[in-house]
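Here's the structure, in structure tokens; my notes come after.
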Amino acid sequence: MRRLLSLCIVIILMTALTGSNAYSKNVMLPTSVTNEGTPIKGGILKVGIVKDEPFQGVFLAELYENRYDAAIMGYASNSIFEMDGDFLINDEGIAFMDVDQKENKVTITIREGVRWSDGEPLKIEDLILPYEIIAHPDYTGVRYDTEFKNIIGVEEYHEGKTDTISGIQKIDDRTLEIRFKKLSPAIFSGGDGLWTYAAPSHQLKGIPVKKLIESDAVRKNPVTLGPFKFHKIVPGESVQFVKNPYYWKGEPKLDGVFVEVVPSSSVSVAIGSGKYDIVTGFSATKWPEIQKYDNIDILGRSELYYSYLGFKLGKWDPKTREVVTDLNSTPVGDQALRQAMGYALDVEAVCEVLFFNFRQRANSLIPPAFKTYHDASLKGYTYDPEKAKKILDKAGYIDIDGDGFREDPKGNKLEIKFATMAGDTIQDEIAAYYLQNWRDVGLNVTLTNGRPIEVNAFYDKVEADDPDIHVFMAAWGTGTNPSPSGLYGKSDAFNFSRFTSKFLEETIQKIDSPEAFDQSYRAEQFRIWQQYMAEKAPVIPLQFSYEIVPVNKRVKYYSIDYENPVELHEIELLEK
Amino acid sequence: MRRKKKGYRKKGRNVVFREFQKDKIATISLFLLVFFILFVFIASLFIDQEALMRINLYDRYSPPGEKFLLGTDQGGKDILGQLIIGARNSILIALAITLLTSLIGIVVGLICGYFGGWIDNIIMRIIDFFVTIPSLLFIIVFVTLVPKYTVTSFILIMSLFLWTGTARLVRSKALSESKRDYVSASKTLGTSDFVIIRREVAPNLSSLLIVEMTLNFAGNVGIETGLSYLGFGLPPTTPSLGTLVSYANNPAVLQQYWWVWLPASLVILFMMLAINYIGQALRRSVDVKQRLG
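Sequence order for the protein chains is Z and R. Residue numbering for the first sequence follows our numbering, beginning at 1 and increasing consecutively. Residue numbering for the second sequence follows our numbering, beginning at 1 and increasing consecutively.
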């Protein structure tokens with residue numbers, strides 16, 4: 001479950017989080033809505049996903065890389081666990097687990113009689129297969145990370161030494177045992193390498209891992225455990241789901257769901273005309289445009305998500321699969337310069353004017369929804385151009401030749417390349433505004449390629465450590481496990497800033513160590529980590545975000561509450 | 001010969017004058033356009049472009065009023081200032097493109113038309129090649145590939161494709177002109193080809209060229225704004241009428257914030273119409289059959 005969100009490669013304008021008291025001064029929106037009326041029998045729920053490009057259409061939890069595919073897959077999820085409001089795995093899902101802290105092992109038991117959408121029963125092999133896919137030598141995805149290696153035998157399997165993963169054992173037809181090198185509290189939220197999805201082994205078994213991503217089983221007719229199953233996929237445009245008669249919680253009340261990509265420029269009008277029952281990925285920046293419609297309710301929740309400014313401080317070594325930090329080969333290697341760039345940004349005005357305070361300036365890399373771990377005392381990089389100028393002066397960045405831009409301490413011209421994603425016009429505006437902020441403190445920051453980069457190309461470039469990117473603006477869904485491993489560890493491909501150090505690595509390990517079963521110890525390590533990251537500034541958090549979801553009055557009951565989300569199979573539509 | 005040409009010129013000027021007298025709309029257009037261009041160029045001297053293009057979020061979408069005469073756009077930038085600079089840019093770009101393409105077109109056209117034969121053949125095939133290229137797509141790809149493109153490179157790219165029309169027109173006229181007796185006579189007298197082309201053939205095409213250039217000018221204003229509208233024109237830091245109009249792509253802007261796109265659209269409409277009316281009047285004065293007066 002953690003990965004479901006953590007992988008979300010995200011546009012800043014996207015989706016969102018749990019309400020509670022995190023943002024007291026904000027407009028608070030309800031998290032659920034009930035509409036009166038007579039429900040119709042069946043019906044098709046029309047869902048719009050706001051996105052300006054085609055979706056990729058990789059419908060397998062082990063392989064997909066962006067949140068749009070994840071959002072679409074939400075209707076046909078292979079997730080085997082369910083989580084409570086604190087993002088901890090409970091016993092109400094398809095499977096439940098028993099954690100043995102002393103023996104470092106987890107026993108997973110699946111319910112009886114659960115079937116895939118093609119009628120095949122769910123087997124223990126279906127739970128083992130995802131591990132064998134991710135750890136496979138031919139696997140090119142991003143999920144083979146530090147955390148994953150925590151399972152005993154995974155590394156040997158990955159090197160091709162063994163045919164099976166020694167730490168994963170089938171006990172009987174309903175029980176699976178997984179042994180770990182060490183266990184931490186992250187296990188309860190699906191971390192530590194535990195995989196929370198099943199994969200249909202009867203469908204995927206014969207397909208080589210290398211070919212998986214292009215196979216029909218992933219692209220055209222995936223089999224699923226979710227309430228709906230894929231019926232027709234128009235690549236990049238829309239997906240037609242029909243109900244899954246074998247759904248383990250009972251047959252869905254709807255006949256199906258139609259999910260369609262809708263461009264951000266026309267989504268507001270489409271909502272007003274009632275074209276969609278639910279719209280996900282709706283940007284808070286467009287809130288005033290739909291606020292006046294009376295055919296919808298607007299729900300909201302804070303998001304486990306932060307946008308950030310990342311500095312490229314090294315390279316990814318594909319051979320060793322490790323981050324190599326090299327502060328000298330990049331113009332942003334100087335910590336003072338990075339800090340100054342953080343202080344120079346007027347994130348507050350962007351939040352207030354463009355996001356109507358639905359977003360807040362982020363002070364740390366842990367969203368405040370994680371109350372125990374979020375360090376509220378951290379000040380973060382508040383807008384303070386004078387301070388930025390002082391830091392730069394002190395660090396030796398001074399305008400020598402009088403062209404209005406500062407040179408680096410050695411007297412060379414300093415040009416910092418900034419990569420940003422092309423999104424709606426607001427995106428471009430924010431990028432332009434930040435460039436202006438930096439120019440105001442005398443830094444010559446220019447856009448990589450001269451313009452915002454299309455989303456898919458952007459992440460390709462960032463992942464490939466394009467030498468033309470010194471700074472980039474991106475976002476992470478933290479998922480339900482706030483642990484920094486997976487995003488900031490030494491062998492994490494997602495560590496996009498390519499920053500690592502001995503201290504950082506140790507702290508991350510402490511956060512997920514056995515001692516961390518003690519809440520206060522873990523919280524303390526989290527605090528140390530947040531402060532270290534704030535000081536070194538390889539990544540500067542920009543905004544915490546809030547998701548708003550317009551729901552048409554045609555929908556009988558809908559809820560996005562984390563504790564009490566709507567059961568997809570129980571959604572009903574009302575007569576007009 | 002010299003005297004004859006003088007007489008022709010004088011007569012030509014009278015014809016143009018009469019043509020404008022007969023066409024009230026063209027006259028008004030001429031006055032308004034001259035006034036507008038003067039205003040834009042003088043006013044833009046007093047505007048600091050860098051300050052104008054500063055984003056000021058708190059002034060976002062201010063309606064027309066006291067602080068901003070014509071309101072502001074989504075970045076809190078003054079619309080009036082952008083209109084003035086944008087119009088100036090459009091006019092300058094269109095002018096540069098027109099002059100550049102006309103120059104190339106006239107030279108190439110004259111050479112083709114005058115010499116004929118294999119020179120004509122080769123150059124015409126090259127022109128054909130340029131005409132068959134889908135220039136708009138080509139320009140868009142080019143603009144996307146060049147990482148740092150400026151107003152100058154924009155002008156050059158545009159000119160690369162737009163000179164062929166003029167070249168063809170000039171060639172056809174020069175072809176018939178070079179068969180005339182006065183050219184043959186000049187040749188027999190031993191005048192060099194260059195002198196014949198420059199001093200004898202070219203002046204006889206001048207009236208036609210003025211009309212052609214005027215109408216091209218109107219078209220070129222449209223091309224800059226059109227491409228900027230599509231997002232392939234001027235860089236976003238340069239004010240442009242096309243960029244202002246393109247904000248209307250957002251339905252909310254189209255409906256609620258009319259002051260962002262409407263003035264720019266009107267300015268474009270006005271410039272196009274005015275230049276076209278003037279061009280029409282000029283064309284009529286060149287062509288005896290169409291004359292009103």
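Note that beta-carbon positions come from the ideal geometry of N, C-alpha and C, so glycine has one too. Everything numeric in this text was worked out from a predicted model, so none of it was measured.
Thinking C-alpha only, which one of the options is nearest residue i?
i: Z/K371; options: Z/S520, Z/R143, Z/I540 and Z/P54; result: Z/S520
i: R/D78; options: R/I210, R/L189, R/I91 and R/N56; result: R/N56
i: Z/A199; options: Z/E120, Z/D172 and Z/P263; result: Z/E120
i: Z/F34; options: Z/Y383, Z/K286, Z/K161 and Z/N552; result: The sequence as given places Thr at residue 34 of chain Z; Phe does not occur at that position. Among Z/Y383, Z/K286, Z/K161 and Z/N552, the Cα nearest to that of Z/T34 is on Z/N552.
i: Z/E429; options: R/M272, R/R291 and R/Y247; result: R/Y247
i: Z/L435; options: Z/V555, Z/V539, Z/L447 and Z/T425; result: Z/L447
i: Z/G274; options: Z/P235, Z/S497 and Z/N295; result: Z/N295
i: Z/I128; options: Z/F494, Z/A76, Z/K292 and Z/I151; result: Z/I151
i: Z/A344; options: Z/D145, Z/E547 and Z/I540; result: Z/I540
i: R/W261; options: R/R54, R/Y61 and R/D23; result: R/Y61
i: R/Q280; options: R/E19, R/L145 and R/F130; result: R/E19
i: Z/F148; options: Z/L122, Z/L183 and Z/T162; result: Z/L183
i: R/V151; options: R/W118, R/G86, R/E212 and R/K187; result: R/G86
i: Z/K292; options: Z/G272, Z/D145 and Z/S377; result: Z/G272
i: Z/Y246; options: Z/A516, Z/L568, Z/V114 and Z/V455; result: Z/V114
i: R/I278; options: R/E212, R/V253, R/L254 and R/P263; result: R/E212
i: Z/I366; options: Z/R359, Z/F358, Z/A376 and Z/N357; result: Z/A376
i: Z/V566; options: Z/N78, Z/N449, Z/Y144 and Z/P252; result: Z/P252
i: Z/G117; options: Z/D466, Z/P130, Z/Y75 and Z/P208; result: Just to set this straight, residue 117 of chain Z is Ser in the shown sequence, not Gly. Measuring from the Cα of Z/S117, the nearest candidate turns out to be Z/Y75.
i: Z/Y197; options: Z/I94, Z/K410 and Z/R406; result: Z/I94
i: Z/K286; options: Z/L337, Z/N357 and Z/K315; result: Z/N357
Closer than 7 Å by beta-carbon distance: list the chain Z residues that pair up with residue i, in chain order.
i: R/A252; result: S268 and E289
i: R/R54; result: Q436
Pull the bridge partners of residue i from the DSSP assignment, please.
i: R/E66; result: For R/E66, which the question treats as bridged, DSSP gives no partner whatsoever.
i: Z/E547; result: Z/R301
i: R/R168; result: Its beta-bridge partners do not exist; DSSP assigns none.
i: Z/I49; result: Z/V261 and Z/T280
i: Z/I32; result: Rather than Ile, the amino acid found at residue 32 of chain Z in this sequence is Ser. According to DSSP, which records beta bridges pairwise, Z/S32 is partnered with Z/S559.
i: Z/I296; result: Z/N552
In chain Z, which residues lie with their C-beta within 8 Å of the C-beta of residue i?
i: R/L262; result: Simply none; closest approach about 18 Å.
Does any CB atom of chain Z fall closer than 7 Å to the CB of residue i?
i: R/G169; result: The sequence given here has Leu at residue 169 of chain R, not Gly. No, R/L169 lies away from the interface with chain Z (no Cβ there is under 7 Å from its Cβ).
i: R/N249; result: yes
i: R/L282; result: no
i: R/K148; result: yes
i: R/R60; result: yes
Can you pull the chain R neighbours of residue i, defined as C-beta to C-beta under 8 Å?
i: Z/S273; result: Within chain R, no residue comes near Z/S273; the closest Cβ sits about 11 Å away, beyond 8 Å.
Let me see if you follow: with CB-CB separation under 7 Å, is residue i close to chain R or not?
i: Z/Y521; result: no
i: Z/G48; result: no
i: Z/Q436; result: yes
List the residues of chain Z that residue i touches, going by C-beta distances under 9 Å, in chain order.
i: R/L57; result: D346, A349, V350, E352, V353, L354, E429 and Y433
i: R/P236; result: D428, A432 and R451
For a contact defined as C-beta to C-beta under 7 Å, what are the partners of residue i on chain R?
i: Z/T425; result: Q74 and N250
Check whether the Cβ of residue i lies closer than 6 Å to any heavy atom of the ligand SAM, and answer yes or no.
i: Z/A198; result: Ligands are entirely absent from the displayed structure, and the ligand SAM is therefore not among its contents.
Closer than 7 Å, Cβ to Cβ, to anything on chain Z: give me those residues from the stretch 70 to 86 of chain R, in chain order.
Q74 and G75
May I ask you to list, following chain order, the residues of the stretch 349 to 373 of chain Z that have a beta carbon less than 9 Å from some beta carbon of chain R?
A349, V350, E352, V353 and L354
Could you list the residues in the stretch 233 to 264 of chain Z with a C-beta less than 7 Å from some C-beta on chain R, going in chain order?
none
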